[in-house]
Amino acid sequence: MGKRKYFIISLLLVICALCSDFASKACFSKSTFLLAKSSSTPETNKTQAKIESDKFLHRGTIFHRVGVGLAILSFLFWIVSEARRESIWRLIPLGLLIFYLFLQFMMV
């Protein structure tokens with residue numbers, strides 16, 4: 390475990406970043422759904438739907454920022470793992486980080 394410590398930390402952080410990204414996309418999707426659903430309802434329900442939508446939008450923003458922070462930390466731990474030449478295949482966290490980067494360009 391001691392020889393692969395930074396690799397394992399990097400791997401766990403990138404997995405948490407991916408989970409956070411999926412959660413943020415789910416919140417953004419729910420927010421958009423609530424806004425679209427409220428367009429065909431009376432005015433009193435529109436304000437309630439807008440409040441709910443804003444709540445999900447705020448949660449999604451928080452999840453997104455946490456995910457970016459975790460991805461950056463994961464990349465830093467990957468660099469340390471690479472510098473220490475840990476005896477493990479270090480392309481796994483790098484591949485997951487690249488996957489995370491591609492997810493950032495995906496629309497909800």
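The numbers in the sequence shown follow my numbering, run straight up by one, and end at 497.
Even for Gly, the Cβ is constructed at its ideal location relative to N, Cα and C.
Check: I need the straight-line Cα distance from Ile440 to Arg393, nearest angstrom please.; Outcome: 47 Å
Check: Kindly indicate the opening and closing residues of the alpha helix (DSSP H) around Ser476.; Outcome: No alpha helix (DSSP H) holds Ser476; DSSP gives it neither H nor E.
Check: Is it right to say Phe411 is buried, meaning 16 or more other beta carbons lie within 10 angstroms of its own, or is it exposed?; Outcome: exposed
Check: Buried or exposed: Arg479, going by 16 or more other Cβ atoms within 10 Å of its Cβ?; Outcome: buried
Check: Can you give me the C-alpha to C-alpha distance between Ala472 and Lys419, rounded to a whole angstrom?; Outcome: 42 Å
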